[in-house]
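Read through the structure below, which is laid out as structure tokens, and then see the notes.
Residue numbers (this note's numbering): -6 to 114.
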């Protein structure tokens, strides 16, 4: 499978440099059927473009910090399998209806404040 490749299109936005968000495409190896979108983003950050910004934490589909729009649908990038989208390009964008801090990182402060105010626990 090492010869297979997948195109990942991500939103790029640096408020210090950019007027508005833009898309950037990366073609990377699709190396394993267990590869998830988070693996693809980690590959890009480690091997192609170290400036790509996104959040992740547990990598187990529990914490929700890696929530992103994947091909227009809200997903946890740690549980969205690349094989489910391949061979088509995969569009990765920040979650809708949140202010974007940078690239795929959203500002969750208002959400967290509201969550604490209703005390769902």
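Just so it is clear, CB atoms sit at the ideal spot from N, CA and C, and this is done for glycine as well.
Small disclaimer: the values here were computed from a predicted structure and weren't measured.
Own chain, CB closer than 6 Å to residue i, minus 5 neighbours either side, in chain order
{"i": "residue 74", "result": "29"}
{"i": "residue 65", "result": "none"}
{"i": "residue 0", "result": "18, 20 and 82"}
Nearest candidate by alpha-carbon position, reference residue i, set the options
{"i": "residue 8", "options": "109, 60, 92 and 113", "result": "92"}
{"i": "residue 26", "options": "53, 67, 14 and 77", "result": "77"}
{"i": "residue 96", "options": "61, 69 and 65", "result": "61"}
{"i": "residue 56", "options": "42, 71 and 90", "result": "71"}
{"i": "residue 16", "options": "24, 84, 34 and 36", "result": "84"}
{"i": "residue 67", "options": "90, 23 and 53", "result": "90"}
{"i": "residue 14", "options": "111, 101, 94 and 103", "result": "94"}
{"i": "residue -4", "options": "12, 109 and 23", "result": "23"}
Own chain residues within Cβ distance below 8 Å of residue i, not counting five before or after
{"i": "residue 98", "result": "46, 47, 48 and 87"}
{"i": "residue 109", "result": "none"}
Beta-carbon gap between residue i and residue j smaller than 8 Å
{"i": "residue -2", "j": "residue 20", "result": "yes"}
{"i": "residue 113", "j": "residue 2", "result": "no"}
{"i": "residue 51", "j": "residue 31", "result": "no"}
{"i": "residue 34", "j": "residue 54", "result": "no"}
Simplified DSSP state of residue i, which is helix, strand or coil
{"i": "residue 110", "result": "helix"}
{"i": "residue 95", "result": "strand"}
{"i": "residue 55", "result": "coil"}
{"i": "residue 34", "result": "helix"}
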